[in-house]
Amino acid sequence: MLVRRCVSGDAAAWEEIVRTYSRRIYNICYRFAGSADDAEDLTQEVFIKMYRTLSSYDSSKGAFVTWVTTITRNLLVDHFRKTKQDRLTDSMDAPVSAQEDAQPLSEQIQDHSAPPDSRVQSREVGETVHAALAKLSPELREAVILRDLQDFDYREIASVLKVPEGTVKSRINRGRAELARLLQRTYRQVM
Amino acid sequence: MPDLTRNGMQHPEFESLLSDAIDGVLSGPRLAAFQAHARTCSVCGPLLAEVEAGRNWLKGLTEVEPPASLVHNILASTTSVDTQRQQAGIAAAQFPLWERAQAWVSDALQPLWATVRQPRFAMSFGMAFFSLSVALSMLGVKPSDLRQISLRPAAIRHTYYNTQARVVRYYENIRFVYEVESRMRQLKRDVAPAEPAPAKTKEHKNDTTEQPEQKQERNYSQPDSHFVLACAPLGPSVVHSLNQDLPVVSVTTYRRFV
């Protein structure tokens, strides 16, 4: 309804769309791109693209939020290709060090003095997790962002990423495991 | 990864149920089998712990606050898009076809103009102009002459015939000069007595101007006509053997270094 009003030229409807989705899109961009400046620029680009292509939205094909997220994701992928961040990413297939092999990973994770739930309360921990997230490969990163930060269901994520649900689940699990390994490595270096 | 079966469950099945187990939607005997496999399997147990830990880290991340000016900037940028679109529509409706075509051409030439304005291009253009002006000045072409050139067809035809006549005249003159010269040479040859053939000059022994210098051994430290004794004394064993078989011969060589 809102989209239809906007397409017919209702400026107030467009403003409402911007106010409703800007926060969500900004957060996706921020978590994916890694910097606030990039996130702001990308969010604006998303809305400009959305404004230009709003008439092409077909409600029978999916929810508006899925359509918006698909536009966001496509722009983020383009941005990633331009900035070539893949050199900074770690692969799931990267060999683990000998020290990591010496101890089961589950025990290593449990070695923390406090559980993760309490750690992420602090800002520093949040920044560490954010930095670790930026090191994930883009395929894993976008999957965990949509699932764990944006609370999309698997079907919606599959629609946005244009991959089967099984692949989505696999990527999410691999992304979570990789993130845990990266953070565990980071904290071991600090301690 | 080998497909080990523990507690009636294999690794691929465990991985496929992992998301459901993490989300809490797995229940009943499947959950029990999943948990039992996680407890006993050395691969799947740590994987489950990692995935849970990663999820907890991510869930702990709080939503970031976007900049206060974000909504305003978005609305401003989309309004400018709108304004541009409207202006384009108005322009299409108001201006005649010729002006629209002119505007389209200027838009199309915009990237070319941007390239031309670059210092690199300006330098290249300057160098090309300088080279051309140097070449023209060396050829004797003056810009003032060029300015007087008329490009009317009649004028061009006139210039062509003028140039052709000048070339023909020049050729005729040169031909006349050559004919006079050849006649003069003929007359000279007829009047003057026949000269004897030039005698062959005797070659000097020491003249080495036309021949490569022969390799000579020279001792520049010794003065001329200095005699050197070139024999070496013979060793006792040689002398002894020579005394027995051969007559004693003493060889002394005098050599003069030239």
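Those protein sequence lines, which keep their order, are chains A and B. Yeah, the first sequence ends on 191 if you go by the numbering used here, and it's all consecutive. Yeah, the second sequence ends on 1258 if you go by the numbering used here, and it's all consecutive. The C-beta atom is built at its ideal place from N, Cα and C for all residues, glycine as well.
- By the criterion of at least three beta-carbon pairs nearer than 8 Å, the region 1035-1051 of chain B is not in contact with the region 129-139 of chain A.
- Any Cβ of chain B closer than 7 Å to the Cβ of A/PHE47 would place that residue at the interface, and such an atom is present.
- Counting C-beta pairs closer than 8 Å gives fewer than three between the region 1028-1036 of chain B and the region 172-191 of chain A, which falls short of the contact rule.
- Closer than 7 Å to the CB of A/ASP151 there is not a single CB belonging to chain B.
- With a cutoff of 7 Å on beta-carbon distance, A/CYS29 and A/THR43 are scored as near each other.
- Boundaries of the alpha helix (DSSP H) harbouring B/TYR1160: 1153-1191, taken from the DSSP string.
- Judged by beta-carbon spacing, B/LEU1026 lies beyond the 7 Å limit of A/SER22, meaning their Cβ atoms are not closer than that value.
- Membership of A/ILE145 in any alpha helix (DSSP H) is not indicated, and neither H nor E is assigned to it by DSSP.
- If you look at B/CYS1041, you'll find it isn't in any alpha helix (DSSP H); DSSP assigns it neither H nor E.
- Taking a Cβ-Cβ cut-off of 7 Å, the neighbours of A/ASP148 in chain B comprise ARG1055, LEU1058 and LYS1059, given in sequence order.
- Within 7 Å of the CB of A/ILE172, the CB atoms of chain B belong to SER1019, in sequence order along the chain.
- Listed along the chain, the chain B residues whose CB falls inside 8 Å of the CB of A/HIS130 are LEU1061.
- Take the alpha-carbon of A/GLU45 and the one of A/LEU75: they are about 8 Å apart.
- Across the structure, B/ALA1192 and B/TYR1170 are spaced so that their CA atoms are roughly 33 Å apart.
- In this structure, A/TYR26 lies away from B/THR1078, with their beta-carbon atoms at least 7 Å apart.
- The straight-line gap separating the alpha-carbon atoms of B/ARG1185 and B/ARG1166 is approximately 29 Å.
- Between B/GLU1050 and chain A, the shortest Cβ-Cβ separation is below 7 Å.
- Beyond the five residues adjoining it in sequence on each side, B/ALA1038 comes within less than 7 Å, by CB distance, of CYS1044, GLY1045 and LEU1048 in the same chain, given in chain order.
- B/LYS1059 is not a Cβ neighbour of A/ASP151, given a cutoff of 7 Å.
- At a cut-off of 7 Å between beta carbons, B/SER1077 contacts chain A.
- If you draw a straight line from the Cα of B/ARG1152 to the Cα of B/PRO1143, it comes to about 19 Å.
- A/ALA33 has a beta carbon lying at 7 Å or more from every beta carbon in chain B.
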